[in-house]
Every structure is written in C-alpha cells, then in structure tokens.
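Notes for the one structure printed next.
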Amino acid sequence: MEITAYQPCIDAEFESLIERIYPPRVCIDNETYQDCTLVKVDSANKQGILLEMVQVLTDLDLVISKSYISSDGGWFMEVFHVTDQLGSKLTDESLILYIQQALCENRRRGVSKELQTCLHREVRPPYASTDHTAMEITGTDRPGLLSEISAVLSKLECHVTAAVVWTHNNRVASIIYMEDGFQGGPITDPKRIAHVQEQLENVVEAHHGVGERRSVRLTAPAPGQKTHTGRRLHQLMYASMDHEPCQGCNGGGLAHRNNCTQIHVSIESCKEKGYSVVNVRSRDRPKLLFDTLCALTDMQYVVFHAAVSSKGTMADQVRHHHAFLTDHNFLFIEIV
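Offset between the sequence shown (1-based) and the working numbering: plus 11.
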C-alpha cells in the first residue's frame, strides 16, 4: 500500500491579504525601563516573520539584550530589549520612525529616502545588489585565496564594487559584486559569464582535496529579486558543511557550567507535546540572535516560543520546535 503525505499549499495572494488586513503593530516603549527601549511587535504569524524582525534591528547595529517570542495560532508576538552600541536607549525620533516603518506594512514599499536622510546616514539593509553581477564562492580556506581571485578578476576586466568574505572551521564563503570593466554596468553576456566562472573554478579547485566541497556561481542581476547578503552567506556556509562538534565541557556540575565560557548546546525532546527544546549558552556578541535564527532556519526549524537573555559576556538561548509532516519542524527556543 502506498501512503502519500500531502503538504499544505498556502496561496501567496491569500497570505498577502491577511498581512494587509492585520498589519504588524509596533510599539516603541521608552517608559518601562530606564536602561533600554522595548520594541514590541504584534503581527499575523507567517513563515520567516521572526527572522525578518531581528534582521531589521540587526541591520541598524542595535543591541538586543533580551527577547521574548511567542506564537499562538495565527498570531505572533515579540518583545525586544534594545539599546544602541553605546548602551543608550533609542531616543532619536527619526530612528524610531524608521524602525516602525521597517517593521510595519510599509516595509513592502521600503523606507522613504527622506527618512533615511533624517538619520544622517543612508540606512540600507545589506541586500545583494541588483545592479551588479554577483559571484558566490565556497571552498577550503587557505592563505592567498582572495588575492588570487582578485588577480583573476582584474585580468578579466571585472571591476569589483563590493565584497563580503566569511571564514569558519577552515571553510570560506564569499559574495563578490562586480561590473564590466570595459563598459561599466553588470556583466550580462552568457559566454563571458561562463568564461569568468571557469577561470575562478580553476583557482578554487587548485588546492582542494578529493571529495572536498567547493562551488563557484556567477549570476546576472535579477530585477525585483532581493537577497540579504548576511542571510545568503549563512546559507552558503551551511551548504559548505562548516559544522563542528560542540566544544562545551562534559560533567563538572551546574556551577562549573555557569562559569564556563565555551559553547553549550543541549536538546530536549518533548514527544508528547510535539516539540523539542534547544538550549544554547555561549559568549555574547553582536548579531548572535540573528546568526542563531539563520542556522535554525537553514535546518528547516521554525521557532514558535523563545526567551533570550544576556548577562555580562554570556548569552543563553532556549527554543522549542514542533515536528509536523511538512517541510518544516517547529522549534521553541529559550535563549538566556
């Protein structure tokens, strides 16, 4: 007997309609606490909504010291304790308005240029450029790799306009934006794109061992299609298998664990409730919550409850996830 599992099909137009009828409500609270600003978001629940919210705050270089996330049915609620890089509350009215516009329904049209100017800087989320050819590279990290890539691009008359490189666990991921050195603008000739890609593949493959993962991919601009650069780099590193075993210590008791600065990850399965609890404890750093959510999303987990808190230099996180017969597992995370 053949058993077929049917996955739910959600109409994009219907999802958009729900968002228009029940747009996110954002409250910026500077009264409750003296040392931080509360950013409260109440919205219709949809896939990826939590990562979108955290991404907006992270792109503004804001510090999230605590966070409480909960979803119930079709609704989602988030509370973020936020300060600027100096540890001060958010008092700039232009910045507050920018956050409200970015998190509310206006984010579909983008934040106005006038508001960006009022912030005394052009605030642009680090999305992949739609005006230049993008090159994505993953492979084994080694000294001189970036220099060799730059030399090849220069020889092929490819002008580099921007580049981001991440390395971890002897793996490297890079996104390089470039334009035609002869005429300016993006490289659109398929034959030239293929030639550039072939030359770069030779560079990346030069020091690779048998069976090691590597990739080189050039893409021409796609109007209307935006990809967050940091989010894309997470996906590239995940595909490149940059994982490593958790280095947290075993044994030693709770007191030892609380004083340890290594990374601790534990997973508790609650089969009777249909979810798992993931506990993460690590040294705190900028963008930690964003990086954690990206990793969980890439592993096809969806957070439906979470608590995040940082104390001194350490951060703890706990999450729960459901296991359904769909493409996604749902995760409750509690981050302390």
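Backbone N, C-alpha and C define an ideal beta-carbon position, used for all residues, glycine too.
{"Item": "When burial is assigned at 16 or more other CB atoms within 10 Å of the CB, is Leu229 buried or exposed?", "Value": "buried"}
{"Item": "In this structure, does DSSP put Ile198 in helix, strand or coil?", "Value": "coil"}
{"Item": "Could you please give the first and the last residue of the uninterrupted beta strand (DSSP E) stretch that includes Met310?", "Value": "Unbroken run through Met310: none, as it is neither H nor E."}
{"Item": "Does DSSP put Asp70 in a helix, a strand or coil?", "Value": "helix"}
{"Item": "Taking all protein chains shown into account, do 16 or more other C-beta atoms lie within 10 angstroms of the C-beta of Arg135, making it buried, or fewer, making it exposed?", "Value": "No answer about Arg135 holds up, because its pLDDT of 48 lies below 50 and its placement is not dependable."}
{"Item": "Which value, in whole angstroms, describes the spacing of the CA atoms of Thr199 and Lys77?", "Value": "46 Å"}
{"Item": "Let's see if you can read the secondary structure: which residues bound the alpha helix (DSSP H) around Arg243?", "Value": "Thr240 to Ala250"}
{"Item": "Let me know if Pro197 comes out buried or exposed under the rule of 16 or more other beta-carbons within 10 Å of its beta-carbon.", "Value": "buried"}
{"Item": "Comparing C-alpha positions only, which one of Ser165, Asn213, Pro297 and Cys305 sits nearest to Leu71?", "Value": "Pro297"}
{"Item": "From the DSSP output, read off the bridge partner residues of Phe91.", "Value": "Val50 and Ser78"}
{"Item": "Report the CB separation of Leu114 from Met64 in whole angstroms; it is logged as a contact under 8 Å.", "Value": "6 Å"}
{"Item": "Count the other CB atoms, across all protein chains shown, that sit within 10 Å of the CB of Ile278; report buried if there are 16 or more and exposed otherwise.", "Value": "exposed"}
{"Item": "What number of angstroms, rounded off, separates the C-alpha of Thr151 from the C-alpha of Asn181?", "Value": "6 Å"}
{"Item": "Taking C-beta to C-beta, are Ile110 and Val67 nearer than 8 Å?", "Value": "yes"}
{"Item": "Straight-line CA distance for Gln208 to Gln246?", "Value": "20 Å"}
{"Item": "For Glu212 versus Ile186, is the C-beta spacing smaller than 8 Å?", "Value": "no"}
{"Item": "Cα-Cα, which of Thr172, Glu89, Leu156 and Pro232 is closest to Leu62?", "Value": "Glu89"}
{"Item": "Quick one: give me the first and last residue of the beta strand (DSSP E) that Ser287 is part of.", "Value": "Tyr286 to Arg294"}
{"Item": "Distance, Cα to Cα, Cys47 vs Tyr286?", "Value": "32 Å"}
{"Item": "Mapping DSSP to helix, strand and coil, what is Glu63?", "Value": "helix"}
{"Item": "Can you tell me which of the three DSSP states Val221 falls into?", "Value": "coil"}
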